[in-house]
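Everything below concerns the one structure shown next.
Number of protein chains: 2
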Amino acid sequence: MSVRARMRRFEQALRERGLKSTAQRDDIARVFFGAEGHLSVEELYAAVKRVNPRVGYATVYRTLKLLKECGLAAERHFDDGQARYEPVEDDQQHHDHIICERCGKIVEFASEELERLQERIGRFLGFVVGRHRMELYGICAECREGRRRRPRSEHSIHRV
Amino acid sequence: MSVRARMRRFEQALRERGLKSTAQRDDIARVFFGAEGHLSVEELYAAVKRVNPRVGYATVYRTLKLLKECGLAAERHFDDGQARYEPVEDDQQHHDHIICERCGKIVEFASEELERLQERIGRFLGFVVGRHRMELYGICAECREGRRRRPRSEHSIHRV
DNA sequence: ATGGCAATTGAAAACGCTTTTCAATTTCAG
DNA sequence: CTGAAATTGAAAAGCGTTTTCAATTGCCAT
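Chains as they are written, first to last, in this note's numbering: chain Z, 1 to 160; chain U, 1001 to 1160.
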């Protein structure tokens, strides 16, 4: 989905809730939708500042919370102690993450088998499982081979 | 392993590091080993206070950190925003957790299949996976059936 | 035993991330 | 346009955790 389309959805969500459309909100949302995922608040704040230096930290937090409530952003808590946010596609399936402990790269993957296994383990223990959280930590191929590039994130969800 | 045996290991670890044995450390460690796992710092602090009201919060944090460094405690971060600690058996295998979102019960499980799957997913994506973190969230049988008991935790690791 | 010195302690301050408060500004329905 | 209600930025507060610091304690060498 394009940034444009996401913005339209955002404006619509605002209207539905009787909330107001403001320059700050729009700027924050636009930058968020345009960036590749898994940004920390700090990173998003810095990126938004470049576009509109008058936005405050609090507004970034507030807008992210709003995007989350509208189902347009997902909040993730990895092991680094700060929340990270990724834009949510409308038809998006559940996915998990694998994180390189050397370069910080975050790769998304979706595993049918993992979903089934979660279900099975839960049932075995007498639970009805609603959600899970799975993170793999390791070293990526680029880092092992000593290549230098450090892509913060890859975009597509790998089906494994 | 008994509380006694764990205390011996603790005292030994202190000696190895040239650290001192103190009443506070001993009290905290003894209460920790005696409790069933997954205590928050707050819970441990409260339990220790009952035994020795003169221990401070900072000392609980410090001792837990020490136990972690000695390999006698494991730190976990679930979705409730505070660290929880569990005693570690010497021969303990990796395990994961399933958490009831109604009563807070935490059940431990170890899944060979999950370990294999993690390995496989990692390899597929070009990673060498060192560790993972997996939590299942759902509703436990007792809660679904409306029974009232609310065990904070079950002790043994279920092999699934 | 005892002295002495480094390790340890509790209380309070600092920390890092996040939320809330509040007065000033902005949006937007009428 | 107007005015009520929402929104904003800056600063303060919150929350879990760590650090600081002066006072206390453990323990090795005597």
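Where is the CB? At the ideal position from N, CA and C, for every residue including glycine.
Original post:
How should V107(Z) be labelled, buried or exposed, when 16 other C-beta atoms within 10 angstroms of its C-beta is the threshold for buried?
Top reply: Translated into positions along the first sequence, residue 107(Z) becomes position 107. Answer is buried; the Cβ neighbour count reaches 16.
Output the boundary residues of the beta strand (DSSP E) element that contains R1131(U). Position 131 of the second sequence, counted from the start, is the residue given in the question as residue 1131(U). Going by DSSP, R1131(U) is part of the beta strand (DSSP E) stretching over V1128 to I1139.
Which chain U residues sit within Cβ distance under 8 Å of A141(Z)?
-> Here residue 141(Z) refers to the residue found at position 141 when the first sequence is read from its first residue. In chain order: G1126 and F1127.
Note to self: Which of the three DSSP states is assigned to F78(Z) in this structure?
What the structure shows: The residue you call residue 78(Z) lines up with position 78 of the first sequence. The answer is coil: DSSP assigns F78(Z) none of H, G, I, E or B.
Q) What is the DSSP secondary structure of E43(Z), counted as helix, strand or coil? A) Residue mapping note: residue 43(Z) aligns to position 43 of the first sequence, counting from 1. E43(Z) sits in a helix when the DSSP states are folded into three classes.
Exercise. In or out: E1019(U) buried (at least 16 other Cβ within 10 Å) or exposed?
Worked result: For this step, residue 1019(U) is matched to residue 19 along the second sequence. For clarity, residue 1019(U) is Leu in the given sequence; the question names Glu instead. Under this definition L1019(U) is an exposed residue.
Can you name, in chain order, every residue of its own chain whose Cβ lies under 8 Å from the Cβ of H95(Z), other than the five neighbours on each side?
Within the first sequence, residue 95(Z) is the residue found at index 95, counting from 1. E108, F109, A110 and I157.
CB contact below 8 Å: S111(Z) versus chain U: Locating residue 111(Z) in the first sequence gives position 111, where the first residue counts as 1. It does; some Cβ of chain U falls within 8 Å.
Spell out the partners DSSP gives V107(Z) in its beta bridges. Taking the first residue of the first sequence as 1, we reach residue 107(Z) at position 107. According to DSSP, V107(Z) bridges with I98(Z).
- request: Would you verify that the beta carbon of M223(Z) is, or is not, closer than 8 Å to some beta carbon of chain U?
  value: This structure leaves residue 223(Z) out entirely; chain Z is present only between 1 and 160.
Requested in this report: Could you give the DSSP three-state label for A35(Z): helix, strand or coil?
Outcome: Translated into the one-based positions of the first sequence, residue 35(Z) becomes position 35. In the three-state reduction of the DSSP assignment, A35(Z) falls in the coil class.
> For chain Z, is any of its Cβ atoms less than 8 Å away from the one on Q1118(U)?
Replying inline: For the purposes of this step, residue 1118(U) is taken as residue 118 along the second sequence, with counting starting at 1. Answer yes: the Cβ-Cβ gap between Q1118(U) and chain Z drops below 8 Å somewhere.
* To do: Taking E69(Z) as the query, report the chain U residues whose CB atoms sit under 9 Å from its CB, ordered along the chain.
  => As a working note, residue 69(Z) is residue 69 in the first sequence. Ordered by position in chain U, no residue passes the 9 Å Cβ test against E69(Z), which lies about 18 Å from the chain.
Practice prompt. Spell out whether any CB of chain Z is found under 8 Å from the CB atom of I1157(U).
Written response: As a position in the second sequence, residue 1157(U) is number 157, starting the count at 1. Chain Z contact via Cβ: absent.
Any contact between the segment 1004–1018 of chain U and the segment 1127–1147 of chain U? By contact I mean 3 or more CB pairs, one from each, below 8 Å.
Judged by Cβ distances under 8 Å, the segment 1004–1018 of chain U makes no contact with the segment 1127–1147 of chain U, as fewer than three pairs qualify.
How about Q82(Z) and S40(Z): do their beta carbons lie closer than 8 Å? Counting from one through the first sequence, the residue named residue 82(Z) turns up at place 82. Counting from one through the first sequence, the residue named residue 40(Z) turns up at place 40. Taking a C-beta distance under 8 Å as the contact criterion, Q82(Z) and S40(Z) qualify as a contact pair.
- By Cβ distance below 6 Å, which residues in the same chain neighbour R1025(U) in space, the five residues on each side in sequence not counted? By one-based count along the second sequence, residue 1025(U) stands at place 25. Apart from the 5 residues on each side of it in sequence, R1025(U) sits with its Cβ closer than 6 Å to the Cβ of T1063 in its chain, given in chain order.
Is the separation between the beta-carbon of I982(U) and that of L125(Z) shorter than 8 Å? With chain U represented from 1001 up to 1160, any question about residue 982(U) goes unanswered, as that position is not in the structure.
Run of the alpha helix (DSSP H) containing R62(Z), from where it starts to where it stops: Here the question's residue 62(Z) lines up with position 62 in the first sequence. R62(Z): member of the alpha helix (DSSP H) spanning Y57 to E69, first to last residue.
- Name the DSSP beta bridge partners of I121(Z), please? Here residue 121(Z) refers to the residue found at position 121 of the first sequence. None; I121(Z) has no bridge partner.
* Could you give the C-beta distance for E1119(U) and V1129(U), rounded to a whole number, given that I count them as a contact under 8 Å? -> Translated into the one-based positions of the second sequence, residue 1119(U) becomes position 119. Translated into the one-based positions of the second sequence, residue 1129(U) becomes position 129. Contact holds; Cβ gap of about 6 Å.
>> For R54(Z) and S2(Z), what's the separation of their Cα atoms in angstroms?
In response: Within the first sequence, the letter at position 54 stands for residue 54(Z). Within the first sequence, the letter at position 2 stands for residue 2(Z). So the alpha carbons of these two residues sit roughly 26 Å apart.
ask   = Can you tell me whether DSSP reads R1008(U) as helix, strand or coil?
value = What you label residue 1008(U) is simply residue 8 of the second sequence in a count that begins at 1. R1008(U) sits in a helix when the DSSP states are folded into three classes.
(message) Pop quiz: V1031(U) and A1047(U) are said to be a contact at Cβ under 8 Å. What is the actual Cβ separation, rounded to whole angstroms?
(response) As a working note, residue 1031(U) is residue 31 in the second sequence. As a working note, residue 1047(U) is residue 47 in the second sequence. The C-beta distance from V1031(U) to A1047(U) rounds to 5 Å, short enough to meet the 8 Å contact threshold.
* To do: Quick one: list the residues of chain Z neighbouring E1135(U), beta-carbon separation under 7 Å, in chain order.
  => Working through the second sequence from its first residue, we reach residue 1135(U) at position 135. Ordered by position in chain Z, the residues that pass the 7 Å Cβ test against E1135(U) are H132 and R133.
* Asked: By how many angstroms is the C-alpha of E75(Z) removed from the C-alpha of V160(Z)?
  -> Within the first sequence, the letter at position 160 stands for residue 160(Z). Within the first sequence, the letter at position 75 stands for residue 75(Z). Straight-line Cα distance between these residues: approximately 23 Å.
- Task: Please check if any C-beta of chain Z sits within less than 8 Å of the C-beta of R1102(U).
- Result: Translated into positions along the second sequence, residue 1102(U) becomes position 102. So, not an interface residue.
(message) I'd like the span of the beta strand (DSSP E) that includes P1087(U), first residue to last.
(response) Residue mapping note: residue 1087(U) aligns to position 87 of the second sequence, counting from 1. A1083 to P1087 is the extent of the beta strand (DSSP E) around P1087(U).
Q: Tell whether a beta-carbon distance below 8 Å holds between P87(Z) and F33(Z).
A: Start at 1 with the first residue of the first sequence, and residue 87(Z) comes out as number 87. Start at 1 with the first residue of the first sequence, and residue 33(Z) comes out as number 33. Against a cut-off of 8 Å, the Cβ pair of F33(Z) and P87(Z) comes out as a contact.
### Query
With distances taken between CB atoms, is the gap from L103(Z) to C70(Z) smaller than 8 Å?
Residue 103(Z) sits at position 103 when you count from the first residue of the first sequence. Residue 70(Z) sits at position 70 when you count from the first residue of the first sequence. The sequence given here places Cys at residue 103(Z); Leu does not occur at that position. No, they are not a contact pair.
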